[in-house]
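Mapping of the sequence shown onto the working numbering: residues 1 to 90, in sequence order.
Don't be surprised by glycine CBs; every beta carbon is placed ideally from N, CA and C.
Reviewing the structure listed below.
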Amino acid sequence: MVDHCRELGATVIVRGLRSGTDLDYETPIAQANAAMAPGVETIFLVARPEQGFISASLAREVGQLGGDVSPFVVPLVAEALRAKVGRAGG
1 MVDHCRELGA TVIVRGLRSG TDLDYETPIA QANAAMAPGV ETIFLVARPE
51 QGFISASLAR EVGQLGGDVS PFVVPLVAEA LRAKVGRAGG
């Protein structure tokens, strides 16, 4: 991640948090990134309560089961999931 930040000239990494568990997971990653790239800061944004349950795993499972993923992901991702499931024969 920090190598990509350097390539882009980015100084901030923005990460979303759904719960305290996410914070526990993300904190050591942010600390490692800071150690590897002192000029790159990690900022955490807390998810809205109505979005706190959404995850990539949830969206994948809904898509694989033929459900509508549009409430859970941006349109570009919904389209990609539909294409992937279609290729897989689902």
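- Fewer than three Cβ pairs drawn from the segment 25 to 38 and the segment 49 to 63 lie within less than 8 Å of each other, which leaves the two stretches out of contact.
- Three or more beta-carbon pairs separated by less than 8 Å link the segment 37 to 47 to the segment 1 to 21, which places the two stretches in contact.
- Counting only runs of at least 3 residues, the segment 23 to 68 fully encloses the following beta strand (DSSP E) elements, listed from N- to C-terminal order: 41 to 46.
- Contact annotation: GLY63 and LEU81 have beta-carbon atoms nearer than 8 Å.
- The three-state secondary structure of GLY16, taken from DSSP, is strand.
- Looking at the backbone, the Cα of ALA37 and that of GLU7 are separated by about 12 Å.
- Taking the Cα of GLN31 as reference, the smallest distance to any Cα among ASP22, THR21, THR42 is reached at THR42.
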